[in-house]
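One structure is given here, and the rest of the page talks about it.
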Amino acid sequence: MIMLPWEKGNGRFTLRKPDSRKGGKPMGKEARDCREKLKSFLQRPWPYWLGGVLLAILNIILLAFAGTSWRITSGFLYWGAFFLEKLGLHPQEWYYFSAYNHGLNPGETLLNNDVSVITLGIIIGALISILLSGQFKLKPLKSKKQALVGLLGGIAMGYSSRISFGCNIGAFFSAIPSFSLHGWVFFFFLFVGAWIGSRLLIKYML
Amino acid sequence: MAEYYLDCMHEACPIPLLKALKQLSKMEIGDVLIMGTDHNCSIINVVEWVKKQGHAYDYVALGEGEWEIYIEKTR
């Protein structure tokens with residue numbers, strides 16, 4: 000067996016004991032408490048009120064500096080339109096884009112626009128957060144049924160987010176503080192949809 | 000005292016919680032339910048619900064992002 004310099008005689012890589020520090024002193028109670036606190040900070044969910052306050056502050060900062068409130072699914076619209084264009088279709092001629100303002104300024108591209116940058120930031124931020132908590136895991140599809148329902152759900156969400164000016168962020172979270180009535184309509188029907196959805200879930204998915 | 004295993008791997012909220020609810024209602028008092036999950040919300044919302052119901056519970060991390068939740072039906 001090949002022996003590496005850090006290996007001891009028994010041929011196994013030996014790790015330093017977690018409770019021993021330089022000089023062999025055991026880890027103090029304070030240091031242990033501090034480590035537990037950090038672990039809980041990274042792994043346990045933060046309270047809802049804290050999340051709400053942080054999101055509100057970040058949305059105000061975004062509005063002040065970018066001049067637009069937080070939206071997510073508009074980014075997916077741009078990404079989808081980009082790929083359709085690459086496939087040779089002409090989504091810019093569709094009725095939807097003449098009836099509604101697509102929100103892109105001249106010169107903005109697939110990635111060079113507020114929405115896409117924020118959405119990519121969310122994905123990267125979520126990845127960092129789950130890696131720090133040590134809970135990252137790639138999950139395969141469990142069954143054909145799960146794949147099919149996921150696909151149908153995605154299509155339903157994508158379609159409806161476009162005709163309602165956004166998902167629960169654009170059409171609810173950002174709409175209500177902007178004094179837009181459509182946010183309140185969305186709020187009410189969110190409950191109706193969740194009620195129907197949970198009935199379907201219990202009936203078909205359990 | 001029977002023991003049941005519920006496979007909730009690769010399933011997202013609220014399926015693991017609903018599955019546990021359904022399984023627990025079919026079990027006798029004293030029976031143990033073991034749930035395998037890799038959804039980090041489950042170790043929060045399932046455990047919270049079980050606590051509220053007054054059942055005995057515990058959970059262990061089997062690996063990175065993988066847990067087993069143990070629930071003993073007490074009432």
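As they're listed, the protein sequences go chains A and B.
Numbers 0 to 205, taken from numbering that gives the first Met the number 0, label the letters of the first sequence in order.
Numbers 0 to 74, taken from numbering that gives the first Met the number 0, label the letters of the second sequence in order.
Each residue gets a CB set at the ideal place from its N, CA and C atoms; glycine is no exception.
Which chain B residues sit within Cβ distance under 7 Å of residue i?
{"i": "A/G133", "result": "E63"}
{"i": "A/P139", "result": "H9"}
Going along chain A in order, which residues have a C-beta closer than 9 Å to the C-beta of residue i?
{"i": "B/L17", "result": "S197, L200, I201, M204, L205"}
List the residues of chain B that residue i touches, going by C-beta distances under 8 Å, in chain order.
{"i": "A/P245", "result": "This structure gives no information on residue 245 of chain A, because the portion of chain A shown stretches from 0 to 205."}
{"i": "A/K136", "result": "D37, E63, G64, E65"}
Rounded to the nearest angstrom, how far is the Cβ of residue i from that of residue j, given a contact under 8 Å?
{"i": "B/E63", "j": "A/K141", "result": "With 8 Å as the limit, B/E63 and A/K141 do not qualify as a contact, their Cβ atoms being about 19 Å apart."}
{"i": "B/D30", "j": "B/A55", "result": "About 11 Å; that fails the 8 Å criterion."}
Do residue j and residue i count as a contact pair if the criterion is CB distance below 7 Å?
{"i": "B/Y58", "j": "B/I68", "result": "yes"}
{"i": "A/A155", "j": "A/F164", "result": "no"}
{"i": "B/P15", "j": "B/C7", "result": "yes"}
{"i": "A/D113", "j": "A/T72", "result": "no"}
{"i": "A/W45", "j": "A/N58", "result": "no"}
{"i": "B/L5", "j": "A/L205", "result": "no"}
{"i": "A/L54", "j": "A/S132", "result": "no"}
{"i": "A/L109", "j": "A/F81", "result": "yes"}
{"i": "A/Q134", "j": "B/N39", "result": "yes"}
{"i": "B/W66", "j": "B/I42", "result": "yes"}
Using 7 Å as the limit for Cβ to Cβ distance, is residue i near chain B?
{"i": "A/K36", "result": "no"}
{"i": "A/L14", "result": "Unreliable positioning characterises A/L14 in this predicted model, as indicated by a pLDDT of 49, which lies under 50. A coordinate reading is not provided."}
{"i": "A/G8", "result": "For A/G8, the pLDDT reaches just 45, beneath the cut-off of 50, and the residue's location in the model is therefore unreliable, although a value from the coordinates is still provided. So no, A/G8 is outside the interface."}
{"i": "A/P4", "result": "Residue confidence for A/P4 is low, a pLDDT of 47 falling below 50, so the modelled location carries little weight; the figure read from the coordinates is stated next. It does not; no Cβ of chain B falls within 7 Å."}
{"i": "A/M0", "result": "Because the pLDDT of A/M0 is 47, which lies under 50, any placement of that residue in the model is unreliable, and the question is left without a value."}
Would you say residue i reaches chain A, if we count a Cβ-Cβ gap shorter than 7 Å as a contact?
{"i": "B/K72", "result": "no"}
Who are the neighbours of residue i on chain A, taking C-beta pairs under 7 Å?
{"i": "B/I14", "result": "M204"}
Check whether chain E comes within 7 Å of residue i, counting only Cβ atoms and requiring the distance to be less than that.
{"i": "B/A11", "result": "Of the chains in the structure shown, none is chain E; the protein chains are A and B."}
For the stretch 24–58 of chain B, which residues have a CB atom closer than 9 Å to at least one CB atom of chain A, in sequence order?
-> Of all residues in the stretch 24–58 of chain B, D37, H38, N39, C40, I43 have a Cβ within less than 9 Å of some Cβ in chain A.
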